[in-house]
Amino acid sequence: MIAGTGFYDLDALDDAQHETVHTAYGTAAVTRGSWHGQSVVFVTRHGAGHDVPPHRINYRAIVRALDELGVHDVVAINVTGGIDPDLEAGEIVCIDDFLDLTRRRESTFHGDGLGGVVHTDMTHAYDPVLRRELLDAASAIGQPVIDGGTYVCFDGPRFESPAEIRLAALAGGTVAGMTGVPEVTLAAEAGLRYAALSLVVNAAAGVRPGEAITMDDINTVLTSAAPKVLAVVDELVHTRSVFRSVDGEEAGG
Ligand SMILES: CSC[C@H]1O[C@H](OP(=O)(O)O)[C@H](O)[C@@H]1O
Ligand code: HPA
């Protein structure tokens with residue numbers, strides 16, 4: 255699980271061990287533990303003290319570390335601003351596409367052409383099966399989650415201008431964030447299954463004319479809504495543990 259703003263530790267993890275993983279792309283701080291008997295690796299992408307801004311996160315080290323630790327499935331949580339005017343703060347969207355409007359990020363494992371030039375398909379960058387599992391988990395606990403939406407990624411760390419959000423809306427954007435890309439594209443390059451739950455914490459700039467974006471308002475939404483997102487992931491992990499014990503499989507992955 256890779257989470258960001260408002261998600262700095264995972265109380266659900268038993269036997270949590272903090273580790274630094276050294277990769278060819280730099281280091282990543284991870285917490286490993288057991289959740290409903292399943293092996294889980296948790297990463298808080300801005301760091302435990304939220305001291306890494308979105309444009310400075312070492313996405314390649316995080317994704318490579320998860321890959322090297324044997325992770326197969328990644329559930330990402332991103333908090334976002336709603337571009338779609340119908341979205342209210344506190345709503346959750348299970349993302350199914352992205353638009354990359356970042357400009358200054360290391361965004362590939364294949365930049366140097368070593369081993370050949372590689373072009374990775376992004377048609378199903380958000381894994382349909384893992385998305386379905388998340389949506390089913392949400393249904394099982396009665397938590398509404400919107401099925402599908404386009405995550406538009408900006409560099410940040412500033413919020414967008416109203417004109418930037420109008421451009422993103424014209425392109426079909428649903429929510430705006432600063433961390434979803436290249437996390438999703440690197441996961442695809444690494445062959446990891448990746449799905450993302452996006453928690454809307456404000457209306458994106460200009461969507462509600464006259465309304466400013468404040469961290470106080472965002473933190474208020476996070477306090478009440480973050481547990482709902484975690485409850486969906488908890489149900490997913492719980493469901494998997496039940497199926498694995500019925501199947502007699504080893505917990506893991
Ligand atoms: C809430 S202020 C903006 C900050 O929040 C989002 O973080 P994350 O994607 O890690 O949940 C956004 O991308 C910015 O980093
Ligand atoms: O409005 C936003 N824009 C970009 N990222 C965000 N993260 C929370 N809200 C926003």
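Under the numbering used here, the first residue of the sequence shown carries the number 255, and numbering increases by one thereafter.
Glycine included, C-beta positions come from ideal geometry on N, C-alpha and C.
Per DSSP, which one or two residues make a beta bridge with residue i?
i           : result
residue 473 : The partner list for residue 473 (beta bridge, DSSP) is empty, contrary to what the question assumes.
residue 296 : 285
residue 431 : 407
residue 302 : DSSP lists no partner for residue 302.
residue 256 : 297, 330
residue 401 : 348
residue 280 : 277
Would residue i pass as a contact of residue j if the rule is Cβ separation under 8 Å?
i           : j           : result
residue 411 : residue 309 : yes
residue 451 : residue 406 : no
residue 359 : residue 307 : no
residue 314 : residue 433 : no
residue 430 : residue 458 : yes
residue 334 : residue 453 : yes
residue 257 : residue 344 : no
residue 229 : residue 484 : The structure shown does not extend to residue 229, since the chain spans only 255 to 507, so no value can be given for it.
residue 495 : residue 292 : yes
residue 323 : residue 372 : no
residue 284 : residue 448 : no
residue 419 : residue 461 : yes
residue 282 : residue 312 : yes
residue 289 : residue 319 : no
residue 295 : residue 286 : yes
residue 439 : residue 337 : no
residue 356 : residue 408 : yes
residue 442 : residue 362 : no
residue 472 : residue 399 : no
residue 444 : residue 317 : yes
residue 301 : residue 350 : no
residue 262 : residue 304 : yes
For the beta strand (DSSP E) holding residue i, just list the boundary residues, first then last.
i           : result
residue 335 : 327 to 336
residue 319 : First-last for residue 319: 313 to 322, but that is the alpha helix (DSSP H), not the beta strand (DSSP E).
residue 273 : 268 to 277
residue 450 : 447 to 457
residue 341 : Note, residue 341: premise wrong, no beta strand (DSSP E); not H, not E.
residue 354 : 351 to 354
Hey, could you find the ends of the alpha helix (DSSP H) residue i is sitting in?
i           : result
residue 386 : 382 to 394
residue 417 : 416 to 424
Does chain B have any CB closer than 8 Å to the CB of residue i?
i           : result
residue 344 : Absent from the structure: chain B. Only one protein chain is present.
*Residues whose Cβ lies closer than 5 Å to any heavy atom of ligand 1, in chain order*: Listed by position in the chain, the residues whose beta carbon lies within less than 5 Å of some heavy atom of ligand 1 are 258, 259, 308, 332, 333, 431, 432, 433, 472.
_Taking 8 Å as the cut-off, does the region 371 to 386 touch the region 419 to 426 (at least 3 CB pairs, one atom from each stretch)?_
Counting Cβ pairs under 8 Å, fewer than three are found: no touch.
_the region 480 to 500 contacting the region 389 to 397, beta-carbon criterion three pairs below 8 Å_ = Proximity of the region 480 to 500 to the region 389 to 397 meets the contact definition, three or more beta-carbon pairs being nearer than 8 Å.
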